[in-house]
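Some notes on the structure that comes next.
Residue numbers (our numbering): 44 to 510.
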């Protein structure tokens, strides 16, 4: 018995231990069979053997059970999916979606080809009267882009012909499993009326009705009167568009989390409040998530000129793509694709793997968003959240991708028109939070480059990161 205890105490490989236990169990069953064929009343010594046999059998089975419970679980189970995809897939039709099935949520009204900015063309405002010049200057001072031009461009302007590469235009999407629905979430703070509504109309005119669950505008405590009751009243005509509001300014992260908390789509699509969507932008994003629900996908972001509102269209011959990166100061930037990524992609329908993303425009599975912990809700106002989400996705089993067939234009400003209620040090605090959570010993490289952040970390003035 002592020898058996020594064996059981040894740190054997789990498979070896199971094999030894199996031999013991087989041996004991053999004894049980052999003893059972004889009468225990004929030989009293058999009774003693039977008792010892039962004791031994109980000990070995206990050891086997203990071993089973002690064997480490080598694979983490996948999170439980909430979309009921098996049921949805079993009820869907074979083949690919037709153009009729992918009709937009709102048909675009007929366009005057000579109107300002028509077909995405630039609208120049160089020859203005003194009054018009004053109006333009006031708008630029408040919003840091040419609101005078934006206000004179149709809210429903089209962007001309689809100039994407042929393989993007010809791309079709399987009905099984069905493409997930999406809730488009747009955060705004004192946004210009025309750019905000052009973003909304652009989504409605280019998103298939069967995929667009809703558009949720999240007001981060705007003070402009036109963005309050007047906006609410205007949006009643659009049906699936609604506004939720934060009473005090808390910033982008908290506002997006508020929008997500009331969204009902299978996926979330986050957009900034000064965007325009190109032909067929949504389907490639959702198709990639349908293929791999841990993929967090960004459109290929093009520029809407901040002075003329020209929409820079994609080339039908493809283009030299960029992907996101970051430096040790945790600043976001762009870089050309490395050769190995170019070689991996066979055509423009292939996604681009990216280390980081700009963070303003992307789609993500609702289930996966919450599985990875969503955003860091303790980050304040704005800054660093895109790098934090990039680290979070890659370190939680997902992948960041840019989808070249999905094109969305964005007004890139040279400076922010918004104030920071707690000063710009909130950016450094946000960066410290992401460094402390995700960077391990590499955070010291960041602190060497940002003394303000290093001091915040030293003082422990970055809040609770234990959640």
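Cβ atoms here follow ideal geometry from the backbone N, Cα and C, with glycine treated the same way. All figures in this text were calculated on a predicted structure; none of them were measured in a lab.
For residue i, three-class secondary structure by DSSP
{"i": "residue 433", "result": "helix"}
{"i": "residue 203", "result": "coil"}
{"i": "residue 232", "result": "coil"}
{"i": "residue 262", "result": "strand"}
{"i": "residue 302", "result": "helix"}
{"i": "residue 297", "result": "helix"}
{"i": "residue 342", "result": "strand"}
{"i": "residue 285", "result": "strand"}
{"i": "residue 175", "result": "helix"}
{"i": "residue 86", "result": "Because the pLDDT at residue 86 is just 40, under 50, the model does not fix this residue reliably, and the point stays unresolved."}
{"i": "residue 489", "result": "helix"}
{"i": "residue 332", "result": "helix"}
{"i": "residue 167", "result": "coil"}
{"i": "residue 347", "result": "strand"}
{"i": "residue 357", "result": "coil"}
{"i": "residue 327", "result": "helix"}
{"i": "residue 270", "result": "helix"}
{"i": "residue 186", "result": "helix"}
{"i": "residue 198", "result": "coil"}
{"i": "residue 139", "result": "strand"}
{"i": "residue 144", "result": "coil"}
{"i": "residue 25", "result": "Since the first and last residues shown for the chain are 44 and 510, residue 25 lies out of range."}
{"i": "residue 181", "result": "helix"}
{"i": "residue 412", "result": "helix"}
{"i": "residue 507", "result": "coil"}
{"i": "residue 275", "result": "helix"}
{"i": "residue 134", "result": "helix"}
{"i": "residue 309", "result": "coil"}
{"i": "residue 417", "result": "coil"}
{"i": "residue 438", "result": "helix"}
{"i": "residue 280", "result": "helix"}
{"i": "residue 362", "result": "coil"}
Pairwise C-alpha distance: residue j and residue i
{"i": "residue 338", "j": "residue 443", "result": "6 angstroms"}
{"i": "residue 283", "j": "residue 147", "result": "13 angstroms"}
{"i": "residue 312", "j": "residue 229", "result": "9 angstroms"}
{"i": "residue 484", "j": "residue 477", "result": "13 angstroms"}
{"i": "residue 432", "j": "residue 335", "result": "18 angstroms"}
{"i": "residue 273", "j": "residue 236", "result": "11 angstroms"}
{"i": "residue 14", "j": "residue 277", "result": "Outside the displayed range of the chain (44 to 510) lies residue 14, so it cannot be described from this structure."}
{"i": "residue 411", "j": "residue 331", "result": "14 angstroms"}
{"i": "residue 304", "j": "residue 175", "result": "43 angstroms"}
{"i": "residue 118", "j": "residue 434", "result": "Caution applies to residue 118, whose pLDDT of 31 falls short of 50 and renders its modelled position unreliable; the model cannot decide the point."}
{"i": "residue 152", "j": "residue 247", "result": "12 angstroms"}
{"i": "residue 473", "j": "residue 349", "result": "28 angstroms"}
{"i": "residue 166", "j": "residue 461", "result": "26 angstroms"}
{"i": "residue 429", "j": "residue 204", "result": "32 angstroms"}
{"i": "residue 500", "j": "residue 458", "result": "27 angstroms"}
{"i": "residue 415", "j": "residue 409", "result": "10 angstroms"}
{"i": "residue 351", "j": "residue 168", "result": "7 angstroms"}
{"i": "residue 249", "j": "residue 468", "result": "39 angstroms"}
{"i": "residue 293", "j": "residue 421", "result": "10 angstroms"}
{"i": "residue 395", "j": "residue 156", "result": "35 angstroms"}
{"i": "residue 333", "j": "residue 221", "result": "8 angstroms"}
{"i": "residue 206", "j": "residue 291", "result": "43 angstroms"}
{"i": "residue 398", "j": "residue 423", "result": "24 angstroms"}
{"i": "residue 141", "j": "residue 493", "result": "53 angstroms"}
{"i": "residue 307", "j": "residue 256", "result": "7 angstroms"}
According to DSSP, residues forming a beta bridge with residue i
{"i": "residue 473", "result": "BP columns for residue 473 are empty, so no partner."}
{"i": "residue 320", "result": "451"}
{"i": "residue 367", "result": "377 and 399"}
{"i": "residue 424", "result": "294"}
{"i": "residue 443", "result": "339"}
{"i": "residue 257", "result": "226"}
{"i": "residue 149", "result": "None, per the DSSP bridge assignment."}
{"i": "residue 314", "result": "229"}
Chain D contact for residue i (CB, 9 angstroms cutoff)
{"i": "residue 228", "result": "In summary, chain D is missing from the structure at hand, where a single protein chain is found."}
Worksheet entry | Segments of 4+ residues assigned as alpha helix (DSSP H) that fall wholly inside the segment 377–407 | 382–387
Fill in: In chain order, each beta strand (DSSP E) run of at least 3 residues that lies wholly inside the segment 209–255
225–231
Discussion item. For the pair the segment 444–455 and the segment 347–360, tell me if three or more CB-CB distances fall below 8 angstroms.
Written reply: yes
Worksheet item: For the segment 188–195 against the segment 378–394, are there 3 or more C-beta pairs whose distance is under 8 angstroms?
Response: no
Worksheet entry | Given 8 angstroms, three or more beta-carbon pairs between the segment 205–215 and the segment 296–310 | no
Worksheet item: Quick check: the segment 483–500 against the segment 366–375, are there 3 or more CB pairs under 8 angstroms?
Response: yes
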